[in-house]
Amino acid sequence: GADIFKKIGESGFLALNLGPGDHLDKLIPMLPKGHLLDQAGMTTKDFTYFSESVVHEETCRLMTPGAEDGMLAGFTIGASVLVRYGSEWMQRDVLPKVVRGEEVICLAITEPFVGSDVANLKTTATKTADGRHYVVNGSKKWITCGHHAQWFVTAVRTGGPGAGGISFLLCERPKDDKHGVLDTQIIKTDYSSAAGTALVTFENLLVPVENLIGVENQGFPLILANFNHERWAICSGVIARARLIVSECERWSMQRVVFGKPLIAQPVIQQQFAEMIYELECAHAYFEKITHQMNVMSYAEQNRYLSGPISLLKVKSTRMGQLVQKHAYQIFGGRGGTRGGMGKNVERFGRSLVLPSVYGGAEGVMASLGVKLSVMKAYPKNARL
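End of the sequence shown sits at 401 in the working numbering; the numbers just go up one at a time, nothing left out.
Right, dumping it as structure tokens:
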């Protein structure tokens with residue numbers, strides 16, 4: 017496992033999951049020659065969010081979602097916090113190690129009883145009497161890459177109730193129990209244990225105050241801003257996998273003969289294809305529109321103007337994926353539910369699709385947030401026809 021991380025890190029694959037920006041000017045030169053940008057004949061200035069989307073799309077064509085998440089997902093959503101908000105020592109000492117794949121990082125926000133309602137998280141971080149450490153207690157659940165991570169970008173409660181009492185801490189897995197306990201247990205999910213999805217338990221874990229990310233009790237806006245890139249990346253993956261499934265359906269329906277004709281000649285199958293294609297192309301066009309906007313906006317502008325649209329894009333993408341899954345099963349028949357053979361990708365797609373509709377924000381929450389930020393916030397309260 018460690019060798020795989022180092023290989024993908026040295027290739028530049030991890031760094032390119034962090035999006036474009038000045039951070040690449042510092043990170044890419046740390047990699048051995050012959051990395052992916054070298055092979056593509058690109059500089060860091062050539063790399064855009066469209067370039068990053070290609071990285072996500074080509075990865076998803078492997079159709080091994082558990083392994084992909086185990087290698088990339090925790091890094092993408094965890095290291096991005098250090099890129100944007102990490103202190104000088106974090107960017108100097110920790111970020112290069114995780115980018116090169118020498119150590120593993122993850123994002124720890126979700127809790128057993130707190131999901132999309134992040135403002136009510138329960139994990140606490142209380143300062144010691146000498147003010148040199150935080151004492152962290154609580155638990156996090158469904159943490160991708162948590163089982164094998166050394167670093168945990170952790171949302172904790174340092175103040176009062178609600179969003180105003182939340183901070184971000186960079187917690188390191190201790191080498192012994194002298195500084196408290198950070199324990200991880202694998203959680204078996206529908207798609208694969210290779211994702212390293214874990215229950216993370218903190219028991220009197222001592223974390224130096226220097227490991228605070230940003231300002232104490234002001235971590236909630238950082239969490240919301242980080243969600244945008246995560247949700248956008250989720251959409252990229254869902255759309256790419258759906259396109260692969262539609263392509264396999266097309267080839268199978270040309271090959272399969274029923275009632276003396278190719279399956280594609282059946283009107284009911286043509287209707288299913290029509291629905292898959294127009295829903296897929298609508299989702300992809302919406303994705304590319306937002307990706308273009310990300311390219312021409314600053315990070316602050318993205319957070320101000322795109323949080324709502326990205327939330328709605330996530331709903332659109334996962335709902336589209338569900339439609340593709342439903343029709344693909346009908347087109348492939350029994351093969352679509354078989355873990356092997358010609359329908360294996362359809363089966364994997366169906367088994368793994370439910371998770372993207374939940375992590376990063378459940379569909380209902382995303383729909384509500386999208387309307388609040390895109391409509392209610394945009395219109396004055398006295399707007400009338």
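We put the beta carbon where it would ideally sit given N, CA and C, even for glycine.
CB of residue i within 9 angstroms of CB of residue j, strictly
i    : j    : result
S27  : Y207 : no
T170 : V197 : no
G352 : V340 : no
A383 : S132 : no
L329 : V387 : no
K143 : V225 : yes
R355 : T80  : no
A124 : A179 : no
G175 : N233 : yes
M402 : V115 : In the structure as shown, the chain begins at 17 and stops at 401. Residue 402 is therefore absent and cannot be evaluated.
G212 : G86  : yes
Q309 : Y294 : no
S209 : G366 : no
K138 : R173 : yes
Residue i versus residue j - alpha carbon distance
i    : j    : result
F129 : A18  : 32 angstroms
T92  : E73  : 14 angstroms
Q287 : N227 : 56 angstroms
P396 : N244 : 25 angstroms
F218 : V231 : 22 angstroms
Q346 : I306 : 32 angstroms
C251 : I20  : 25 angstroms
A299 : V331 : 10 angstroms
C122 : A344 : 33 angstroms
Y65  : I326 : 14 angstroms
G324 : M392 : 10 angstroms
W167 : K113 : 11 angstroms
A95  : G380 : 27 angstroms
M106 : E118 : 15 angstroms
G376 : F275 : 45 angstroms
E317 : G37  : 14 angstroms
C265 : L78  : 17 angstroms
E246 : V70  : 15 angstroms
Neighbour flag for residue i against chain B, beta carbons, 9 angstroms
i    : result
G181 : Going by chain labels, chain B is absent from the structure shown, which holds only one protein chain.
Close Cβ partners of residue i (< 6 angstroms) along its chain, the five nearest in sequence each way excluded
i    : result
G359 : F348, R351, G352
T200 : G162, H163, A214, V216
V99  : L34, H39
M292 : V262, V340, H343
K22  : G117
C76  : G253, A256, R257
N311 : T64, Y65
K204 : none
N319 : A241
Sequence-distant residues of its chain with Cβ nearer than 7 angstroms to residue i (five each side left out)
i    : result
V254 : S333, T334, G337, P372
E304 : none
R259 : L296
S249 : Here the sequence assigns Ala to residue 249, which means Ser is not the residue at that position. Closer than 7 angstroms at the Cβ level, and outside the excluded window around A249, lie H72, T92.
Neighbourhood of residue i by C-beta distance below 8 angstroms, restricted to the same chain and skipping five residues each side
i    : result
I44  : G28, A31, H51, L53, T60
I229 : V97, L98, Y101, G102, S103, M106, V169, S183, F184, L185, L186, G235, L238
Cβ-Cβ separation, residue j to residue i (assumed contact under 8 angstroms), whole Å
i    : j    : result
A165 : V120 : 4 angstroms
E127 : K156 : 6 angstroms
V223 : L185 : 5 angstroms
Assigned secondary structure, residue i (DSSP; H/G/I helix, E/B strand, else coil)
i    : result
Y284 : In the sequence under discussion, the amino acid at residue 284 is Val, which differs from the Tyr named in the question. Note: V284 maps to helix in three-state DSSP.
S8   : Residue 8 lies beyond the residue range present for the chain, which begins at 17 and ends at 401; the question has no answer from this structure.
R335 : helix
I250 : helix
G154 : strand
E73  : helix
L296 : helix
S327 : helix
S183 : strand
E188 : strand
L222 : strand
K143 : strand
Cβ-heavy atom distance, residue i to the ligand ATP, below 8 angstroms
i    : result
N361 : Absent from the structure shown: the ligand ATP. Ligands present: none.
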